[in-house]
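Q:
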DNA sequence: GTGTTTAATGCTAACCATTTGCATTTAGAC
DNA sequence: GTCTAAATGCAAATGGTTAGCATTAAACAC
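Given below as structure tokens:
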């Protein structure tokens, strides 16, 4: 059995052609994609799909931790990628929207210290860096 | 001259009663407020105001750095507070939505290191912790 | 103060990402 | 193949935010 459909099996989700298609698209890219990005790519295959199905599939995948989501400040859309096993942070380019993954997490120790100081039970954190990627730094100089 | 209206002066914004009102409401609270929260509070004063005015005022305030914004993961609304001089992070309660400010920033050094490693020019970062505040931890236990 | 100019406001409709309701289709179990 | 619950398509609804345009009000000159 293919690795991709195994994910659905493990998650106890029915293997539908739409779910397999969305999984395949996600598996083929390293970028974060919005629901609409996925919808557009899915339509390009010969499978017919509706946008609400894409949303419903993404919701179920998020619940089962098959995908992870990224909320970019000041952007209204949610972005999705295949979930990695590891906790990660991101460098987000303000110009071209590209995202660089960082696997290293500098604040795990800090977090447990926080919990004590504020008596706050931290469940997760989000740490995102915004700025300009090397490509966009160059093109800005040339303007 | 009052401190509040001085902010408008410094920012080169006309002193209108609506702007002064929004500033006053922001100055009176330590919480983050959504545009709608502000709209509701503003209506309770005797000044007539429309929601689009609230949005426009907040946009101008954000541009002039009079307010700072908070984007909470999985929430569609933007939250606003009077801008503090200092960079801060937050503990956000998943239950009661309360926000605790943390002035300490654990990643300034890390950030400059990142810039070198990835040749990425970091302009800012957002670091938010999600979990349960002490009050909500207690009420969860009692359920 | 009055007049003038330009920005701010109110109102309504538009927008965009996302969600929902409901009828139809399909996967999976028998 | 039959059955049943879950998945899907479609269209309409939702919620936060933005835009267009006519009206009002600051700010500045006089």
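Residue numbers (my numbering), protein chains in the order written: chain Z, 1 to 143; chain F, 1 to 143.
Each residue gets a CB set at the ideal place from its N, CA and C atoms; glycine is no exception.
In this structure, does DSSP put residue 121 (chain F) in helix, strand or coil?
A: Strand.
Q: Considering only the alpha carbon of each residue, which of Z:137, Z:85, Z:130 and Z:22 lies closest to residue 43 (chain Z)?
A: Z:22
Q: Quick check on the DSSP output: the beta strand (DSSP E) that includes residue 68 (chain F) runs from which residue to which?
A: 67-71
Q: Starting from residue 89 (chain F) and walking both ways along the beta strand (DSSP E), at which residues does that stretch end?
A: 89-93
Q: Counting only runs of 4+ residues fully inside the stretch 23-85 of chain F, write out the alpha helix (DSSP H) ranges in chain order.
A: List check, alpha helix (DSSP H) in window: 35-44 and 51-63.
Q: Here's the rule I'm using: 16 or more other beta-carbon atoms within 10 Å means buried, otherwise exposed. How should residue 19 (chain Z) be labelled?
A: It counts as buried.
Q: Is the shortest distance between the beta-carbon of residue 57 (chain F) and the beta-carbons of chain Z less than 8 Å?
A: No - not a single Cβ of chain Z is within 8 Å of the one on residue 57 (chain F).
Q: Among the residues of its own chain, which have a CB less than 8 Å from the CB of residue 67 (chain Z), if the five just before and after it don't count?
A: 26, 58, 61, 80, 81, 82 and 83
Q: Thinking C-alpha only, which one of Z:114, Z:128, Z:99 and Z:137 is nearest residue 32 (chain Z)?
A: Z:99
Q: Would residue 134 (chain F) count as contacting chain Z if we go by Cβ distances under 8 Å?
A: yes
Q: Using a Cβ cut-off of 8 Å (strictly closer), state whether residue 73 (chain Z) contacts chain F.
A: Closer than 8 Å: yes.
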